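Residue numbers (the working numbering): 64 to 605.
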């Protein structure tokens, strides 16, 4: 970055540059995973309930768990879910820059929903960030033009000294848009007062002045015992505590960061109270793991994430999920002994089914080729697991589409009732192109949704299954969110074990809406929403 550009950048950091008429409110955190995304989701729902026409915004997001908008663009999953909480369609303006780590200090940079370049951390900082402000501000400006309030989510901590100069997601952005800031701390990890006060101490005076309130998140225990600390914090800083949120279990709000998988059980034996044991392989570059949230909610399913051979056991189903680096994660399976173990479960006559989603689907094939280093910045090829006659080639560009269709009547996967045509919808997001080396039986007949409601006249076959139905794969993310198909497949598994079917147990879309409302209710109960409205400059709404 030139000296002139740097001077202008530094000047902009210290002055507010309000853009358009919609109000703005920013939620920052003392660290990653303190609950910023969930709190933004809750505020979006509350503001929507109160008729404010809200929208979420995060200028720069780093995540492997992505979301495909109605027009086929890719953004961070948190912003997609927050848009759903607002009751609006997600757009790339809500997350104009998405960073998808690929390992070895490199990431794929996605700009307004489309792959831009693979950059190292230093190249991203030196080449991309100095020119990112207009991109960010134009996207935010469009949202403010269309919405009554934009709830902005920060990233990590605003007190990362080495990152502050070229920050586009925390305090620089707050200054550019003249946004008041609410600072969130996580008491469950300990040292919350040190985190909050220490963050303030590391901010510059003009940044500190933007912090208008604290939220303490994930509290367990007697609030009266915490009150002296809250009183001290307010006296020490002059900033009000807006509330203390309890540790909320079973939120059923889709998570973005795979760190949440640490809370899932990893064991070699299934739950004694659940009839179906499903093991999802957790490899290093796992992506879009929220595909499996509906399975975790089923009353008869024990869903667990495993990354070691001793954790695998003899499940009813093994799922190979999506991945940002298919070949590297396939190598991980082989190093861990999981590849051999999974193949043995299939080939030695057990009842186990093997399912591949997206990158996991690619692994099930015979060949993987990355001649231009699309996934890892170097040409590579590898042998797949060889369980389906498929070959995948990774080429520049990415397919990101929403699709609709139905199941093939004669595919071999056991469903209940048998051979019923069922509706299917979801989204594809992948760089690889997969070809059949020999005939396989497809799973679905799909057509692409364009603009969210216009469908192609012709359907195309998608997915592949082995003749005995015990191995199948698909590029379709969200397949388990299809209630009739999910339950029919699970009931087919039950029937192979001599169990009675349960039929449809819940509706995923309704369950999600109920989860948003439960979250909003909890946050209203524990936060001083009157002060939050005052901080946002919105009067007369409560």
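The beta-carbon is built from N, C-alpha and C at its ideal position, and this holds for glycine as well.
These figures come from a predicted structure and were not determined experimentally.
Apart from the 5 residues on each side of it in sequence, residue 135 sits with its Cβ closer than 7 angstroms to the Cβ of 463, 464 and 465 in its chain, given in chain order. Residue state for residue 163 is assigned as strand, using DSSP reduced to three classes. Within the same chain, Cβ atoms closer than 7 angstroms to the Cβ of residue 97 are found at 247, 248, 249 and 280, the five residues on either side in sequence being excluded. Secondary structure in the segment 119-168: the beta strand (DSSP E) runs of 3 residues or longer, each lying completely within the stretch, are 123-125, 129-131, 137-139 and 160-166 in chain order. At a cut-off of 4 residues, the continuous stretches assigned as alpha helix (DSSP H) that sit fully inside the segment 231-307 are 234-240, 255-265, 268-271 and 286-300. Residues of the same chain with a CB within less than 7 angstroms of the CB of residue 371, apart from the 5 flanking positions on each side, are 399 in chain order. Assigned with DSSP and collapsed to three states, residue 569 falls in coil, not helix or strand.
Among the bridge pairs identified by DSSP, residue 455 is matched with 431 and 497.
In the assembly as shown, residue 397 is an exposed residue. Its beta-carbon has fewer than 16 other beta-carbons within 10 Å. By the neighbour-count definition (other C-beta atoms within 10 Å, threshold 16), residue 351 is a buried residue. Residue 240 places its beta carbon less than 9 angstroms from that of residue 203.
Contact between residue 205 and residue 156 holds: their C-beta atoms lie close to 5 angstroms from each other, under 8 angstroms.
Taking the Cα of residue 341 as reference, the smallest distance to any Cα among 349, 356 and 347 is reached at 356. Taking the Cα positions, residue 535 is about 27 angstroms away from residue 336.
Distance between residue 394 and residue 431, taken at the CA atoms: about 12 angstroms. Residue 220 counts as buried, since no fewer than 16 other beta carbons sit within 10 angstroms of its beta carbon. Annotation: the continuous alpha helix (DSSP H) that includes residue 392 extends over 389-399. Residue 507 is bridged by DSSP to 470 and 525.
Taking a cut-off of 8 angstroms for Cβ pairs, the segment 302-309 and the segment 556-576 do not touch, as fewer than three such pairs fall below it. Taking 9 angstroms as the cut-off, the beta carbon of residue 119 is found no closer than this to the beta carbon of residue 244. 138 is the residue among 150, 138, 169 and 145 whose C-alpha sits nearest the C-alpha of residue 159.
Annotated as distal: residue 216 and residue 343, with beta-carbon spacing of 9 angstroms or more. In this structure, DSSP gives residue 187 a helical state, which the three-state scheme calls helix. Within the DSSP secondary-structure output, residue 86 pairs in a beta bridge with 212. Partner residues in a beta bridge of residue 461, as assigned by DSSP, do not exist.
Assigned with DSSP and collapsed to three states, residue 226 falls in coil, not helix or strand. Two segments are said to touch when three or more pairs of C-beta atoms, one from each, lie closer than 8 angstroms; by this definition the segment 99-109 does not touch the segment 223-233.
In this structure the segment 436-444 does not lie against the segment 553-563, because fewer than three pairs of beta carbons, one per stretch, are closer than 8 angstroms.
Here the alpha carbons of residue 131 and residue 142 stand approximately 11 angstroms from one another. Per the Cβ contact rule, the segment 411-431 is in contact with the segment 441-458 (3 or more Cβ pairs under 8 angstroms). Beta-bridge pairing by DSSP links residue 588 to no other residue.
Looking only at 374, 373 and 369, the smallest Cα-Cα distance to residue 383 is reached by 369.
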